[in-house]
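Chemist: There's a structure below that I have some questions on.
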Amino acid sequence: HGHGMGIAGSIRAALAGAGVQVPVIGSNRINSLHLAEQALSAGQADVVSMARPFLADPEIVAKTRRGQAELVNTCIACNEACIDRSLGTEPVSCLVNPRAGRELAFPLVRSVSAPDLRVAVVGAGPAGLQAAATLAQAGVPVDLYEESDGIGGQFRLAGTVPGKEDFLQTIRYFRNELPRLGVRIRPCESPGAEALSGYAHVILATGVRPRPVPLPRTGRLPVRDYREAFAAPADLGRRVVVIGAGGIAVDLARLLTGTPGGPADVTLLRRGHRIGEGIGPSTRWAVLQELAAAGVRTLPGTTPLEVTPEGLLVATAQETVLLPADTVLLAAGQVPHNPLHSALLHQRIPCTVIGGALDASGLNAVRAFDQGLETGSLLARELQQPSGVKRSRTPLP
Numbered sequence: 008h009g010h011g012m013g014i015a016g017s018i019r020a021a022l023a024g025a026g027v028q029v030p031v032i033g034s035n036r037i038n039s040l041h042l043a044e045q046a047l048s049a050g051q052a053d054v055v056s057m058a059r060p061f062l063a064d065p066e067i068v069a070k071t072r073r074g075q076a077e078l079v080n081t082c083i084a085c086n087e088a089c090i091d092r093s094l095g096t097e098p099v100s101c102l103v104n105p106r107a108g109r110e111l112a113f114p115l116v117r118s119v120s121a122p123d124l125r126v127a128v129v130g131a132g133p134a135g136l137q138a139a140a141t142l143a144q145a146g147v148p149v150d151l152y153e154e155s156d157g158i159g160g161q162f163r164l165a166g167t168v169p170g171k172e173d174f175l176q177t178i179r180y181f182r183n184e185l186p187r188l189g190v191r192i193r194p195c196e197s198p199g200a201e202a203l204s205g206y207a208h209v210i211l212a213t214g215v216r217p218r219p220v221p222l223p224r225t226g227r228l229p230v231r232d233y234r235e236a237f238a239a240p241a242d243l244g245r246r247v248v249v250i251g252a253g254g255i256a257v258d259l260a261r262l263l264t265g266t267p268g269g270p271a272d273v274t275l276l277r278r279g280h281r282i283g284e285g286i287g288p289s290t291r292w293a294v295l296q297e298l299a300a301a302g303v304r305t306l307p308g309t310t311p312l313e314v315t316p317e318g319l320l321v322a323t324a325q326e327t328v329l330l331p332a333d334t335v336l337l338a339a340g341q342v343p344h345n346p347l348h349s350a351l352l353h354q355r356i357p358c359t360v361i362g363g364a365l366d367a368s369g370l371n372a373v374r375a376f377d378q379g380l381e382t383g384s385l386l387a388r389e390l391q392q393p394s395g396v397k398r399s400r401t402p403l404p
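If you read the sequence shown in our numbering, its first letter stands for residue 8, the second for the next number, and so on.
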C-alpha cells in the first residue's frame, strides 16, 4: 500500500528545499481514506490521487465520512478488469464492482417484492455473493446458503497469499453489506432439493473442486489437493512438488515460500509451456519475478508420470527424472461442483447455474462477479414484471 508515497515525499521535500512552491500529487495503491490521510499527515504529498478505488466503490468518500468504512467495497488491486483491460480493447470495469462502467445497462432500481418471491442462492463465493447483493438491491428477498462456516469461497484462499490480503476486504464488505440489504446468510447449511422447493427461484453458485490428476502410486508419499495445502501450508514437509502452474498454483507457491516453517524447496510443473497462464499481463511479470527470487523452480513442458516413495517421476522432452518430494500437491485446475442441478430439474424447481458450477474452464473471478450481476438483474426483472409474476419452469439463460 502507498508504494509510491515515499518517492512523492522526497520530491516534495526537494522542491521545498529549493524554494519551489509546486504542489505534489501522490498516487498508487491508496485504497482507503485512512491511508490517504496518513500520507497527507506525514507530509508525503499535498494531494492524494485515487482511481481504481472509485471503480470499486464510487461512494468511498461519502461512506467513510459517514463512519461506515465497513460498507466500502475496497479495491483489491487485482487489475484484472481495470488496468489489464485498458491495455487492450475491452471496456474498463471492476472485478469487485462489475456494475462499474455499465451503470446504464444495470441501473440500481429498487422495487417492492411480495414475500413469496424469496430467492435462494446456494454458494457464497464471488458469483453467489454478487447475485445475492444484486437481487437484494432490487428488493428481492434472498436466502444465501453456504456449506462452510463463512462466505467468500476461493477468495478465502486468495486472502492468505502474501500481497493479496486485501481479497479478505471483499469478504468483509459482503459480510456487512448483505445483511444491510436484508439478505439472510445461512452458513454451514447445504440444502437439498426438497428444502429449496418453496423458493420462487434457486441460483446455484456452488463453485468448483480441484481437478483430480490420476497417477500411478507406489508407496505412501502424501498427495494433497490445493485446498488441503492452503489449509495447512506448514504441514507439507520441506520439499514440495506442485502439479500445475496456473494462477492457483502460483498463488500456492507464494503462500508456501512465505509461510514460516513452510517448504524450502518448491517446484511448479505443467505440461504446457507458459507458467502463470491466466494471470493478467500487468501482474504476471511481477509475480514470476517474486517466485524466482524465492527460489521456486518452474518446469514447463513437463508431464507427471508416477508418485513414488521418493517423489514424483516426470518426463520432459529430453528425459525421465525423479523430483524428490515430501508431498505432491495437485493444483492443475478445477472442475464444476454442481450436486443439486439434476434434482432441481427433476422436481421442476426453477433454477439457474452460474460461476464455476456452470463452467470451470478458464474460470476467473471477473467472470464469476459478472455472472452474479447479470443473472441477479435478469431474475429481478422477471420476478417483478408489472403484469404479474412469471413462474418460469425453465432455467434462465
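Beta carbons are placed, not taken as given, at the ideal position from N, Cα and C, and that holds for glycine.
These figures come from a predicted structure and were not determined experimentally.
Could you work out which residue in E389, L390, Q391, S384 is closest to L111 when comparing CA atoms only?
Modeler: Cα-wise, what sits closest to L111 is S384.
Chemist: Would you call V314 buried or exposed, if buried means 16 or more other Cβ atoms sit within 10 Å of its Cβ?
Modeler: With 16 or more other Cβ atoms within 10 Å, it is buried.
Chemist: Indicate the three-state DSSP secondary structure (helix, strand or coil) for E381 in the structure shown.
Modeler: Helix.
Chemist: Below 8 angstroms on the Cβ atoms is my guess for V55 versus I37; work out the distance and round it to an integer in Å.
Modeler: Correct: roughly 6 angstroms between the Cβ atoms.
Chemist: Is the beta carbon of T266 sitting closer than 7 angstroms to the one on P240?
Modeler: Their beta carbons are under 7 angstroms apart, which means T266 touches P240 by this criterion.
Chemist: I need the straight-line Cα distance from L352 to A134, nearest angstrom please.
Modeler: Those two C-alpha atoms are separated by around 21 angstroms.
Chemist: Can you give me the start and stop residues for the beta strand (DSSP E) that V249 sits inside?
Modeler: Unbroken beta strand (DSSP E) run through V249: 246 to 250.
Chemist: Quick check on DSSP: helix, strand or coil for P267?
Modeler: Residue state, collapsed to three classes: coil.
Chemist: Please return the same chain residues whose Cβ sits closer than 7 angstroms to the Cβ of R106, not counting the five positions on each side in sequence.
Modeler: Same-chain partners within the cutoff: F113, L380.
Chemist: Closest by CA to A200, which one among L211, P194, R191, V190?
Modeler: Closest by alpha carbon: L211.
Chemist: Measuring only the C-alpha atoms, how far is I14 from A43?
Modeler: Roughly 15 angstroms between the two C-alpha positions.
Chemist: Please report the distance separating the alpha-carbon of A52 from that of V220.
Modeler: Distance between the alpha carbons of A52 and V220: 52 angstroms.
Chemist: Got a sec? Which residues, its chain only, sit under 8 angstroms from A3 by beta carbon, not counting five neighbours each side?
Modeler: There is simply no residue 3 to check, as the chain begins at 8 and stops at 404 in what is shown.
Chemist: By how many angstroms is the C-alpha of R278 removed from the C-alpha of R216?
Modeler: When rounded, the distance between both Cα atoms is 20 angstroms.
Chemist: Can you name, in chain order, every residue of its own chain whose Cβ lies under 7 angstroms from the Cβ of G9, other than the five neighbours on each side?
Modeler: Only R36, I37, L42, A46 meet the Cβ criterion.
Chemist: Is it buried or exposed, L94, if we count other Cβ atoms within 10 angstroms and call 16 or more buried?
Modeler: Its Cβ having fewer than 16 others within 10 Å, L94 is exposed.
Chemist: So, does the segment 328 to 342 touch the segment 179 to 193, judging by three or more C-beta pairs under 8 angstroms?
Modeler: The answer is no - the segment 179 to 193 does not touch the segment 328 to 342, with fewer than three Cβ pairs under 8 angstroms.
Chemist: Just the Cα atoms here: how many angstroms apart are F61 and E172?
Modeler: Rounded to the nearest angstrom, the two C-alpha atoms are 19 angstroms apart.
Chemist: Looking at C-beta atoms only, is the number of pairs between the segment 240 to 249 and the segment 320 to 337 that lie closer than 8 angstroms three or more?
Modeler: Cβ pair count under 8 angstroms is three or more, so yes.
Chemist: Around the Cβ of Q28, are there at least 16 other Cβ atoms within 10 angstroms (buried) or fewer (exposed)?
Modeler: Burial call: exposed.
Chemist: Considering just the uninterrupted stretch of the beta strand (DSSP E) at I210, what are its terminal residues?
Modeler: First-last of the beta strand (DSSP E) with I210: 208 to 211.
Chemist: Let me check understanding here. Comparing Cα to Cα, which of L365, V230, V128, Q325 lies closest to P316?
Modeler: For P316, the nearest C-alpha among the options comes from V230.
Chemist: Helix, strand or coil for D232 per DSSP?
Modeler: In the structure shown, D232 sits in a strand (DSSP, three-state: E or B).
Chemist: Express the C-alpha separation of A260 and G268 in angstroms, rounding to a whole number.
Modeler: Their backbone Cα atoms lie some 14 angstroms apart in a straight line.
Chemist: Going by alpha carbons, who is nearest to P270 out of A301, G251, G287, H280?
Modeler: The shortest Cα separation from P270 among A301, G251, G287, H280 belongs to A301.
Chemist: Could you tell me the distance, in whole angstroms, from the CA atom of T96 to the CA atom of V168?
Modeler: T96 and V168: Cα-Cα distance of roughly 30 angstroms.
Chemist: For the alpha helix (DSSP H) holding Q144, just list the boundary residues, first then last.
Modeler: From DSSP, the alpha helix (DSSP H) with Q144 extends over 133 to 144.
Chemist: Using the three-state DSSP reduction, which class does G318 fall into: helix, strand or coil?
Modeler: Correct three-state label for G318: strand.
Chemist: So, R92 versus V103, is the Cβ gap smaller than 7 angstroms?
Modeler: No. Outside cutoff.
Chemist: Considering only their Cβ atoms, is the gap separating E235 from S197 smaller than 7 angstroms?
Modeler: No, the Cβ-Cβ distance between S197 and E235 is not below 7 angstroms.
Chemist: Can you give the Cα-Cα distance for V328 and F181, rounded to whole angstroms?
Modeler: If you take the alpha carbons of V328 and F181, they lie about 47 angstroms apart.
Chemist: Quick one: is E326 buried, meaning 16 or more other Cβ sit within 10 Å of its Cβ, or exposed?
Modeler: Flag for E326 reads exposed.
Chemist: So what's E153 in DSSP terms, helix, strand or just coil?
Modeler: Residue state, collapsed to three classes: strand.
Chemist: Can you look up Q341 in the DSSP assignment and give me helix, strand or coil?
Modeler: Here Q341 sits in strand by DSSP.
Chemist: Does DSSP put R218 in a helix, a strand or coil?
Modeler: If DSSP states are grouped into helix, strand and coil, R218 belongs with coil.
Chemist: Give the straight-line distance between the Cα atoms of A372 and P186, rounded to the nearest whole angstrom.
Modeler: Approximately 22 angstroms, taken between the alpha carbons.
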